[in-house]
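Student: Just so you know, the sequences run in chain order C and F.
FYI, our numbering numbers position 30 of the first sequence as 43, with every residue one higher than the one before it.
FYI, our numbering numbers position 101 of the second sequence as 105, with every residue one higher than the one before it.
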Amino acid sequence: MGEHHGPAKGISRWFLTTNHKDIGALYLWFSFAMFLLGGSFAMIIRAELFQPGLQLVEPEFFNQMTTMHGLVMVFGAIMPAFVGLANYMIPMMIGAPDMALPRMNNWSFWILPPAFTILAGTLFMEGGGPNFGWTFYAPLSTTYAPPSVTFFIFGVHIMGLSSIMGAINIIATIVNMRAPGMTYMKMPLFVWTWLITAFLLVAVMPVLAGAVTMMLMDIHFGTSFFSAAGGGDPVLFQHIFWFFGHPEVYIIILPAFGVVSHIIPAFSRKPLFGYDSMVYATASIAFLSFIVWAHHMYTVGMPVAGELFFMYATTLIAVPTAAKVFNWITTMFRGSLSFETPMLFAIGFVVLFTIGGFTGLMLSIAPADFQYHDTYFVVAHFHYTMVAGAIFAMSASVYYWIHKWTGRRYNESMGKAHFWISFLGFNLTFFPQHFVGLAGMPRRIPDYALQFADFNMMSSIGAFIYGASQLLFLYNVIATIRSGKKDDTAKTWDGAEGLEWEVPSPAPYHTFSVPPQVK
Amino acid sequence: MKTQEKNILFTTAKLAVVAVAMFAFVFVVMVPLYNVLCDVLGINGRTGDRYEATEIVIDTDRQVEVQFVANFNEEMPWGFKPSVTMVKVNPGASNETVFLAHNPMPKDMVAQAIPSISPARAAEYFHKTECFCFNEQPLTAGESAELPLVYIVDRDLPKDIKTITLSYTLFDITERVQRTDS
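Here you go:
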């Protein structure tokens with residue numbers, strides 16, 4: 014206590030660090046690297062789909078690309094990005110000196126790079142990498158899987174362990190280390206959404222671990238959990254996977270909700286409308302996420318009663334989600350708005366995520382889903398929620414807090430250019446996919462019928478634009494760190510609220526060694 | 005400060021227990037529960053185990069069409085087909101049929117037949133008192149066999165069901181059997 018000391022010198026600082034800001038930064042950089050890796054896989058997919066017919070890659074390799082794109086983006090880019098943000102911001106937001114379990118924090122980050130090295134390494138193995146889709150349905154991922162599937166399973170186990178440790182750390186921090194006076198209902202919303210997300214992680218990552226363990230046993234130890242020949246059932250795999258997988262999509266989006274709930278009030282210069290309802294809506298979404306999993310599998314042949322139950326439960330999620338969207342809009346209503354880059358991304362988030370929500374409602378209708386199932390309509394839907402949802406929110410957070418992290422201002426024009434190019438590129442990529450999906454183009458296929466050619470070419474051009482705009486983002490971030498205008502204002506944005514704005518910019522290596530008093 | 009450290013450890017321990025419990029939950033709850041639900045509700049057209057006929061009362065006023073289908077899994081090389089593809093039966097009566105199997109390969113093989121009923125709602129009303137699907141079916145190289153099936157359609161079968169399709173998928177489990185034997 015008392016003495017402040019800076020970070021250790023040299024490269025070992027990064028390997029041995031237990032500082033939440035260092036680890037947060039590591040997570041953020043790692044996730045950005047994975048974002049570029051997963052993005053390059055997407056570029057290969059879109060290049061192949063630029064025209065009908067097989068031009069650039071073999072169908073086998075195309076399958077590996079769709080699979081690896083999904084896996085790397087979900088587990089390597091989005092999830093670690095928000096864990097990084099949580100590490101960096103939560104202690105500062107609740108007035109704590111660090112995370113509750115700093116050593117475990119180091120460990121949970123440093124097992125990630127090996128996990129993804131193993132996963133990416135499968136691409137160079139005999140028989141190629143995982144080619145069964147990111148949902149790795151049995152028996153594609155068991156009986157028919159390439160030999161590298163064992164490495165895939167090992168990789169999933171490690172990244173699952175990392176997520177569970179990260180989540181436990183976040184809960185332990187929030188529950189035990191809030192500054193005096195900060196009651197639960199005074200916590201910033203990013204802290205709230207992460208608390209709930211962390212509970213989801215602790216509950217469902219072990220389920221994913223169970224699913225891949227069963228695959229491992231089916232492949233190597235002669236069990237038949239998912240093999241009908243031995244009395245098992247491949248449909249069981251889908252139930253287990255989506256029991257994990259549906260809460261997983263809220264794990265991805267809830268922290269994004271939190272971020273947006275900080276940015277919109279800051280740039281509307283008004284307090285957030287309906288704080289309490291935001292908290293309750295988040296909790297209800299989390300609860301509902303456990304009882305809707307089978308809407309991913311309407312076509313497996315469930316009894317009608319099952320279809321109805323999952324259909325009603327799924328449409329019910331629209332209620333708390335709509336409450337959130339209305340709260341954000343009401344926060345902006347008659348506010349004194351300004352449109353700096355974080356706000357542009359936040360508004361882009363609200364508009365595009367809502368479109369993704371509406372297509373989600375369409376998909377939730379069981380009889381309609383029989384037509385939409387496994388088409389590009391689904392692809393369009395979940396990219397509207399995950400890219401325009403999670404990734405736009407993540408970009409918004411970087412612009413919102415980068416001055417706090419570096420003490421330097423980013424280039425506003427370049428930030429706005431990043432937003433507008435992303436926004437146009439994103440919509441050009443994914444909006445036409447609604448149409449080809451409704452017209453029946455299946456997902457995960459390297460070739461397609463001629464009538465889809467124009468929309469696919471638009472999609473591909475949009476994807477290249479969107480991909481290029483992320484390089485502009487990277488350049489802007491590096492330029493800010495190296496030569497951005499220095500500015501030691503504590504409060505980057507005049508309308509921003511929260512404890513993180515009370516520490517100097519850049520935030521010192523140790524903050525809140527003495528807890529602040531929250532009124 | 006000391007109490008805070010204690011609280012953190014306590015929270016961590018509780019959450020670690022939850023994580024381990026959820027991992028166990030998949031194996032000890034989800035898998036058995038899924039199987040029980042499928043059996044009880046007849047989801048997936050799963051049929052029950054051996055049925056012990058109690059009293060035989062035949063509903064002579066009603067006839068139900070029973071269709072037999074044979075499928076192969078993967079590259080199963082056997083010949084496998086029902087001796088008759090369709091019969092009309094009275095609910096309550098005990099009926100017999102055979103499936104014809106032939107192993108054309110120059111090696112001994114073991115097969116397992118997995119039944120499925122359509123419509124799935126009929127599964128709980130279709131009783132098998134004897135079925136080759138209860139056991140593994142070994143055939144030596146070139147051997148043929150008649151595989152027997154004795155079944156009863158329950159008198160409580162809902163009136164709107166007029167046709168029941170019983171499908172068998174034949175799996176090659178030679179390697180699996182060898183692995184467990186060795």
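Beta carbons are placed, not taken as given, at the ideal position from N, Cα and C, and that holds for glycine.
Of all Cβ atoms in chain F, is any one closer than 7 angstroms to the Cβ of C:Leu267?
Tutor: C:Leu267 does not count as touching chain F.
Student: Using beta carbons (cut-off 7 angstroms, strictly below), is C:Gln189 in contact with chain F?
Tutor: With the sequence shown as reference, residue 189 of chain C is identified as Asn, and Gln is not the correct amino acid for it. Yes - at least one Cβ of chain F is within 7 angstroms of the one on C:Asn189.
Student: Does the Cβ of F:Val44 have 16 or more other Cβ atoms within 10 Å, making it buried, or fewer, making it exposed?
Tutor: With fewer than 16 other Cβ atoms within 10 Å, it is exposed.
Student: Looking at chain F, is there any beta carbon in it that lies within less than 7 angstroms of the beta carbon of C:Gly235?
Tutor: It does: the Cβ of C:Gly235 has a partner Cβ on chain F nearer than 7 angstroms.
Student: Just the Cα atoms here: how many angstroms apart are F:Val24 and C:Trp147?
Tutor: About 25 angstroms.
Student: Let me check one thing: in DSSP terms, what residues is F:Pro119 bridge-paired to?
Tutor: Looking at the DSSP assignment, F:Pro119 forms a beta bridge with F:Tyr172.
Student: Here's the rule I'm using: 16 or more other beta-carbon atoms within 10 Å means buried, otherwise exposed. How should C:Val364 be labelled?
Tutor: By the 10 Å Cβ count, C:Val364 comes out exposed.
Student: Ordered along the chain, which non-local residues of its own chain (more than five positions away) have a Cβ less than 8 angstroms from that of C:Ile298?
Tutor: Around C:Ile298: Tyr263, Leu267, Ile330, Pro333 and Thr334.
Student: Any idea if C:Thr30 is buried or exposed, counting beta-carbon neighbours within 10 angstroms, 16 or more meaning buried?
Tutor: Buried, by the Cβ-count rule.
Student: Please report how far the alpha carbon of C:Gly319 lies from the alpha carbon of F:His131, in whole angstroms.
Tutor: In a straight line, the C-alpha of C:Gly319 is about 25 angstroms away from that of F:His131.
Student: Say whether the stretch 396-406 of chain C touches the stretch 453-460 of chain C, bearing in mind that this needs 3 or more beta-carbon pairs closer than 8 angstroms, one atom from each stretch.
Tutor: At 8 angstroms Cβ cutoff, the stretches do not touch.
Student: Establish whether the CB of F:Tyr38 and some CB of chain C are separated by less than 7 angstroms.
Tutor: For F:Tyr38, the answer is yes, since a Cβ of chain C falls inside 7 angstroms of its Cβ.
Student: Which residue spans inside the stretch 91-161 of chain F form an unbroken beta strand (DSSP E) run of at least 3?
Tutor: Here the runs fully enclosed are 98-106, 113-122, 130-135, 141-143 and 148-157.
Student: With a cut-off of 8 angstroms on the beta carbons, I'd call C:Trp414 and C:Met198 a contact; round off their distance for me.
Tutor: So it is not a contact: roughly 24 angstroms between Cβ atoms.
Student: Any idea if C:Gly497 is buried or exposed, counting beta-carbon neighbours within 10 angstroms, 16 or more meaning buried?
Tutor: C:Gly497 is buried by the Cβ-count criterion.
Student: With a 10 Å radius around its C-beta and 16 neighbouring C-beta atoms as the bar for buried, classify C:Glu61 as buried or exposed.
Tutor: With 16 or more Cβ atoms within 10 Å of its Cβ, C:Glu61 is classed as buried.
Student: Report the residues of the stretch 249-267 of chain C with a CB closer than 8 angstroms to any CB of chain F, ordered along the chain.
Tutor: If the cut-off is 8 angstroms between Cβ atoms, the stretch 249-267 of chain C has Leu249, His252, Ile253 and Phe256 near chain F.
Student: If you draw a straight line from the alpha carbon of C:Ile13 to that of C:Ala520, how long is it in whole angstroms?
Tutor: Nothing about residue 13 of chain C can be read from this structure; chain C reaches only from 14 to 532.
Student: Decide if F:Gln141 is buried, meaning its Cβ has at least 16 other Cβ atoms within 10 Å, or exposed.
Tutor: Result: buried.
Student: For F:Glu69, report the span of its beta strand (DSSP E) as first-last.
Tutor: Note, F:Glu69: beta strand (DSSP E), Val68 to Phe76.
Student: What's the gap between the Cα of C:Asn100 and the Cα of C:Gly141?
Tutor: Each residue's alpha carbon lies about 35 angstroms from the other.
Student: Any beta carbon of chain A sitting closer than 7 angstroms to that of C:Gly194?
Tutor: No chain A appears in the structure shown, which is made up of the protein chains C and F.
Student: Who are the near neighbours of C:Ala509 in its chain, counting only those whose CB is closer than 6 angstroms to its CB and skipping five residues on each side?
Tutor: Cβ within range, chain order: Ala279.
Student: So with Cβ pairs under 7 angstroms, would you call C:Val215 a contact of chain F?
Tutor: Yes, C:Val215 lies at the interface with chain F (some Cβ there is under 7 angstroms from its Cβ).
Student: Hey, does F:Ala23 have any beta-carbon neighbour from chain C nearer than 7 angstroms?
Tutor: By this cut-off, F:Ala23 is an interface position.
Student: Show which residues of chain F have a CB atom less than 9 angstroms away from the CB atom of C:Val220.
Tutor: Ordered by position in chain F, the residues that pass the 9 angstroms Cβ test against C:Val220 are Met26, Phe27, Phe29, Val30 and Met34.
Student: Inspect the CB distances between the stretch 216-227 of chain C and the stretch 181-195 of chain C and report whether three or more fall short of 8 angstroms.
Tutor: Touching, no, given that fewer than three Cβ pairs across the two stretches are closer than 8 angstroms.
Student: Roughly how many angstroms separate the alpha carbons of C:His447 and C:Ser408, rounded to a whole number?
Tutor: About 25 angstroms.
Student: Count the C-beta pairs between the stretch 201-216 of chain C and the stretch 227-245 of chain C that are closer than 8 angstroms, then say yes if the count reaches three, no if not.
Tutor: Touching, no.
Student: Against F:Leu45, what residues of chain C qualify as contacts under a CB-to-CB distance less than 8 angstroms, listed in chain order?
Tutor: Within chain C, the residues near F:Leu45 are Pro316.
Student: According to DSSP, is C:Gly258 helix, strand or coil?
Tutor: Correct three-state label for C:Gly258: helix.
Student: Anything in chain C within Cβ reach of F:Gln8, meaning under 9 angstroms, just list it in chain order.
Tutor: Those within 9 angstroms of F:Gln8 in chain C are Ala113, Asn189 and Met190.
Student: Does F:Arg183 come within less than 7 angstroms of chain C when only Cβ atoms are used?
Tutor: Taking Cβ atoms only, chain C reaches closer than 7 angstroms to F:Arg183, which makes this a yes.
Student: For a contact defined as C-beta to C-beta under 9 angstroms, what are the partners of F:Ile12 on chain C?
Tutor: Going along chain C in sequence order, the residues near F:Ile12 (Cβ under 9 angstroms) are Ala113, Leu114, Ala185, Thr186, Val188, Asn189 and Met190.
Student: Per DSSP, F:Phe84 is paired with what?
Tutor: F:Phe84 is bridged to F:Ala105.
Student: Residue range of the alpha helix (DSSP H) that C:His396 falls in?
Tutor: From DSSP, the alpha helix (DSSP H) with C:His396 extends over Tyr389 to Thr398.
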